[in-house]
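The numbering of the sequence shown is the UniProt record's numbering, which starts it at 1 and goes up by one.
Report on one structure; see the data block that follows.
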Amino acid sequence: MEIERKYLVKTLPDHLEQYACKVIEQGYLNTNPVVRIRRSNDDYILTCKGKGMMVREEYNLPLNEEAFLHLKEKIDGRLIQKRRYLIPLAPKYTIELDVFEGDLAPLQLAEVEFETEEEANNFTPPEWFGEDVTFSGKYHNSQLSKLP
Ligand SMILES: O=P(O)(O)OP(=O)(O)OP(=O)(O)O
1 MEIERKYLVK
11 TLPDHLEQYA
21 CKVIEQGYLN
31 TNPVVRIRRS
41 NDDYILTCKG
51 KGMMVREEYN
61 LPLNEEAFLH
71 LKEKIDGRLI
81 QKRRYLIPLA
91 PKYTIELDVF
101 EGDLAPLQLA
111 EVEFETEEEA
121 NNFTPPEWFG
131 EDVTFSGKYH
141 NSQLSKLP
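Dropping the structure here:
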């Protein structure tokens with residue numbers, strides 16, 4: 001199970017270059033249910049996700065580059081390109097800040113993952129987060145892949 005809240009970004013933190021960053025490209029073989037291929041730096045992953053908004057089932061399997069490139073030819077919609085910055089947040093969280101590139105730029109989304117629903121419900125976002133879009137399907141990457 002993945003328990004996650006998602007937010008728009010009001011102001012980008014300064015000096016993003018200080019944080020670990022993953023260069024991601026991902027596309028969807030199917031969007032209902034989600035079947036996603038992703039390159040994250042030098043890792044290649046096949047992911048299936050269940051329905052749901054804040055709480056979703058998620059299964060990950062490793063791919064190799066050859067398989068990724070093969071499946072990339074078969075995606076529907078656009079290939080999403082983004083940089084994901086990993087920003088620590090006290091006491092024990094990591095903000096995944098996605099800065100989209102290509103035709104989804106300048107979209108920015110921040111996600112935080114939790115161990116329990118209770119934690120997710122009690123979370124107070126940092127000042128620089130904007131609107132909470134956890135329960136809006138329109139900011140799911142699978143939907144963003146289909147935008148005209
Ligand atoms: O890295 P994840 O699993 O949160 O995946 P995403 O594609 O960035 O996010 P979502 O499926 O919520 O659009």
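By construction, the Cβ of each residue, glycine as well, lies at the ideal position given by its N, Cα and C atoms.
By the neighbour-count definition (other C-beta atoms within 10 Å, threshold 16), Ala110 is a buried residue. DSSP links Thr124 through a beta bridge to no other residue. DSSP lists Ile24 and Asp43 as the beta-bridge partner residues of Ser40. For Val112 against Arg5, the beta-carbon gap comes to about 5 angstroms, under 8 angstroms, which counts as contact.
By the beta-carbon neighbour count (other beta carbons within 10 angstroms, threshold 16), Lys82 is buried. In the three-state reduction of the DSSP assignment, Leu8 falls in the strand class. Exposure of Asp43 is indicated by the presence of fewer than 16 other C-beta atoms within 10 angstroms of its C-beta. Judged by DSSP in its simplified three-state form, Ala110 adopts strand. Contact between the stretch 41-57 and the stretch 8-15 is absent: fewer than 3 CB-CB pairs across the two stretches fall below 8 angstroms.
In the DSSP assignment, Asn60 falls within the beta strand (DSSP E) that extends over Glu58 to Leu63.
Around the beta-carbon of Gly27, 16 or more other beta-carbon atoms lie within 10 Å, marking it buried.
The DSSP-derived three-state label of Leu29 is strand. For Thr31, same chain residues with a beta-carbon under 6 angstroms away, outside a window of 5 residues either side, are Ser142 in chain order.
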